[in-house]
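Scroll down for the structure; my scribbles are underneath it.
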Amino acid sequence: MYYSMCVYNLSDCCSCCKRLRSLKRGTPASKETIRWKRSFGLYTIVHLALFSMVLVANALPPVIRVGAIFTEDEREGSVESAFKYAIYRINKEKILLPNTQLVYDIEYVPRDDSFRTTKKVCRQLEAGVQAIFGPSDPLLASHVQSICEAFDIPHIEARIDLEVSVKEFSINLYPSQNIMNLAYRDLMMYLNWTKVAIIYEEDYGLFKQQDLIHSSAEMRTEMYIRQANPETYRQVLRAIRQKEIYKIIVDTNPTNIKKFFRSILQLQMNDHRYHYMFTTFDLETYDLEDFRYNSVNITAFRLVDVGSKRYQDIIDQMQKLQHSGLDLINGVPYIQTESALMFDSVYAFAHGLKQLDSSHTLTFKNLSCNSDRVWSDGLSLYNYINSAAVDGLTGKVNFIEGRRNKFKIDILKLKQEVIQKVGFWQPDVGVNISDPTAFYDSNIANITLIVMTREERPYVMVKEDANITGNARFEGFCIDLLKAIAQQVGFQYKIELVPDNMYGVYIPETNSWNGIVQELMERRADLAVASMTINYARESVIDFTKPFMNLGIGILFKISDRAQTKFFSFMNPLAIEIWFYIAFGYILVSMCIWIVARLSPMEWVRSKPACTMACDHMLRKIRKANNAYDHFELKFIENPTNNGTHKNDDKNDANDVIDVDLGDNSDSDDTLELETVQNSFTLKNSFWFAIGALMQQGADLYPRATSTRIVGGCWFFFCLIIISSYTANLAAFLTVERMITPIESAADLADQTEIQYGTLEGGSTMTFFRDSKIGIYQKMWRYMENRKTSVFVKTYEDGIKRVMEGNYAFLMESTMLDYAVQRDCNLTQIGGLLDSKGYGIATPKGSPWRDKISLAILELQEKGIIQILYDKWWKNTGDVCNRDDKSKESKANALGVENIGGVFVVLLCGLALAVVVAIFEFCWNSKKNLHTDNQSLCSEMAEELRFAMHCQGSKSKQRPALKRDCLKCAPGSTYVPTNVTMPNMGVHYNYFN
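When we follow full-length UniProt numbering, the leftmost residue of the sequence shown carries the number 1, and every step to the right adds one.
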């Protein structure tokens, strides 16, 4: 009502002012003007009086009482001191409440005594308290909260509250447990804890950690939960040690932490393998002297912002008080979390009063538990406190529905003999680690790292000597590399083989990892030195150094046995249809050239008469014309003169004329005309000409006409191309030893099912195909997954053995593939690499060894040490297959009978056919001469055979038939009628009676 009156009067005042400004200067004052001035003066006096009344009505009371409930064991403790000091500081500063003094009303109650607590709270309500702080006991706090809720009194707490439901008139500065469970979960995920033990002490401890337990499936974490008390600490810890659990969350009563520390030391569970996470915010207030000189990992959280300027200022001021309630840590004053929360809660209450002071009137009347009357302004004060924003000792304080929602907690780690801040956590940010090396201190003297590995030739091999122990049992590329790195970085190590003999692959069915990756995630190992591939899945849960070797996935396959050589393999360079086409072309060209030669006049030429033909022909003519059958002599004149009866002229017709002069015994001169033109391209000669050109041997014939030359030229060109192509391809087929494989690439593997293929089980190669988005690789993975029992192998040796057995292709990493191929010349790599990746040394997340080892690897690569080690174990082991010598030997070998024996078969067949044809001709000719010689067939064949086998010089053959007809003929002459003249020769004959 006062606020509305003020607004109304102020509006009237503003209107009056406007009227006053509207009067013109220098205008004579009229009665109306004088009357208005008097009215304005009265309004001003009334308005000032009302305004002063409003200020007095809206002001906070000069004294505000606040109540506090503490348990008997907290009397004069640090929490009570912080409560008193906060009120003292607010009253002294007079910044938040300049006109109001806060007065506290403290009551002490026994723990678990709700009756006395109720009576004490009722007394404080009757005394006029406007807010109640505490108590810290959960049971008593629930009773106090219910009373405050019934009377609309703000109840301010600084304790753990497990109830998730919203409570009216309740404000709690302690972070809610469900948010703290998120902090525990995020840090566990950052540290890759996969096997964790949770030790709780209070009965409600299991309920307190339920959100964390339920998230174990999401985190892929196995949890072992046990309740313990000081009497059972050692028993529980011993059971955890037997289960080989090294990550432990400790949620015990802060008063019993020292006893828990003693149990750890007694069981010697304080080496570098163990990591303890304490839920208390005040771990640094405890004496950690016994843990500062070993490598145990201890992590905790801190809510108090000890680095803020406000914290240092408050510490300095509290030290001046006689009873400050401060704790001393190594001589340095420190405010515990509960004390800091109580301090901040008082300031949150003061900020709420300040905001209420500017807009509301706070009135209070004494309340009674025997009455149902509530405080009318309690809800307004609660809302203002709930909307307050305070920069306190525990950071920024904000509330939503009475719960703190925005805060930052520091992450502490025992490091270098002191516990230090290594990062922070916020609900909206998560884990933010500023010093990752803190979770793995590498500066501890005489530390021995556990190096996990897997036996794999030639990287890691176990010596056969049973008398050798320790690291000397192992040899190989990775062992030598580890020695070089250890000398350069400076650490001791112990080599162990992974129990399940697996590198590590994520198993979706169990939401877990196996192999070396699991050992590193659970920090049972510090390093992993093996042929371990760097990939995304592994990098998300462990760390890798820089790669010391680059590689990819290749296909190992057995070289196919050399195909059995065919006897007629010389025909392979040309397809069977080409051979048929060549034969058809040969017949076609032969027939074509025969026909064209018969039609072309240029192919008909004059020829010299043969002796036998001339004698036989002319004798028949002469005998018929003259009835002269007596002995005569023929003489052939090579160069006839003009005296003869015939004149040889090249310009004459194509007919040769033989003039025969019968001398005195003839009644008249007779002239005998003989046609002696000849065509060389008979049918047989045409086929012989074509085959001679095809075989590039030529023939005794040559075309004269343009048409026949065109046919011959085209056939020559055809033969040139065919023979050249055949020769080149024959060299490729017979000289080069080709490695013929049924597959040439991964696509060939995917498109067939006869040849099986697989990978190493549990390796990165299997993960590559399982997670690939490429269609071919997805198809290959489906094939392998459907035949899981038959295509996957446990070791590389098993895979190589299956390849040697045949009908199997092994998908493996190229380095191992090169090692296998160089030792067995029957193995080969098919195609190129399917991907590109590298081998690296694996470490747990946040390990400081990663960067140091990465630098060492880079230095070893620059010096060539790694290449030297590679050559040592890959090329210089004495069991390498010398492929160069084998290749040279293969190239130097001459072609054998199995390669070109078919040519000899063709030659022999041709010779045999020629002999058969010759015998046939011999028999046919003997039978033809049978009637002329009047002999038997056998006698004729014998006589012809004796003449054919006569080997005395190269005499010309004289037919016996001619000798009988011309008894006086001698070689080089015969008897013919005199004065016979023939072309290009002279013939003179004489009669003898």
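For each residue, glycine too, the CB sits at the ideal point set by N, CA and C.
All figures in this text were calculated on a predicted structure; none of them were measured in a lab.
Between W874 and Y796, the gap from beta carbon to beta carbon reaches 8 Å or more. Residue nearest to K84 within the set N934, V711, A340, R373 is A340 (criterion: CA-CA distance).
For P138, the enclosing alpha helix (DSSP H) has its first and last residue at 138-151. Distance between E107 and I69, taken at the CA atoms: about 5 Å. DSSP places S600 in the coil class of the three-state scheme, outside both helix and strand.
The alpha-carbon separation between V374 and E401 amounts to approximately 21 Å.
Per DSSP, reduced to three states, the secondary structure at L414 is strand.
Going by DSSP, H214 is part of the alpha helix (DSSP H) stretching over 210-214. Residue pairing by DSSP places Q227 opposite Y200 in a beta bridge. Just measuring C-alpha positions, the residue of L381, S590, N729, D835 sitting nearest F769 is D835. In the DSSP assignment, K421 is bridged to L412.
By the neighbour-count definition (other C-beta atoms within 10 Å, threshold 16), Y536 is an exposed residue. When the Cα atoms are used, F733 and V916 turn out to be separated by approximately 34 Å. Residue range 337-357 is occupied by the alpha helix (DSSP H) that includes L341. The C-beta of E761 has 16 or more other C-beta atoms within 10 Å across all chains shown, which makes the residue buried. By the CB criterion at 8 Å, A197 and I264 fall outside the cutoff. Between V489 and M521, the C-beta gap is not smaller than 8 Å, which leaves the two residues out of contact. The Cβ neighbour count for N172, taken over all protein chains shown within 10 Å, is at least 16; the residue is labelled buried. Contact between K354 and L97 holds, since their C-beta atoms are separated by about 7 Å, short of 8 Å. 8 Å or more divides the Cβ of S165 from the Cβ of L139.
When DSSP states are grouped into helix, strand and coil, L96 belongs to the coil group. T221 is positioned such that its CB atom lies closer than 8 Å to that of M188. Contact annotation, K208 with D251: C-beta distance approximately 7 Å; criterion of less than 8 Å satisfied. At a Cβ-Cβ threshold of 8 Å, V431 and D186 count as neighbours. The criterion of a C-beta distance shorter than 8 Å is satisfied by G712 and I593. Contact check for G838 and M549: beta-carbon distance about 6 Å, within the 8 Å limit, so the pair qualifies. Using a Cβ distance threshold of 8 Å, R65 and V144 do not count as a contacting pair.
Secondary-structure assignment with DSSP links A842 through a beta bridge to A528, F544. Rounded to whole angstroms, the separation of the alpha carbons of I866 and N229 is 55 Å.
Per DSSP, the unbroken beta strand (DSSP E) holding M277 starts and ends at 275-278.
Rounded to whole angstroms, F474 and V462 show a C-alpha spacing of 5 Å.
In this structure, the alpha-carbon of E539 lies about 39 Å from that of E202. Secondary structure note for Q177: its alpha helix (DSSP H) is the uninterrupted segment 177-191. Here T453 is buried. Its C-beta has 16 or more other C-beta atoms within 10 Å. Put simply, the segment 792-809 does not touch the segment 851-864. Fewer than three CB pairs are less than 8 Å apart. In summary, Y334 is buried, with 16 or more beta-carbon neighbours lying within 10 Å of its beta-carbon over all protein chains present.
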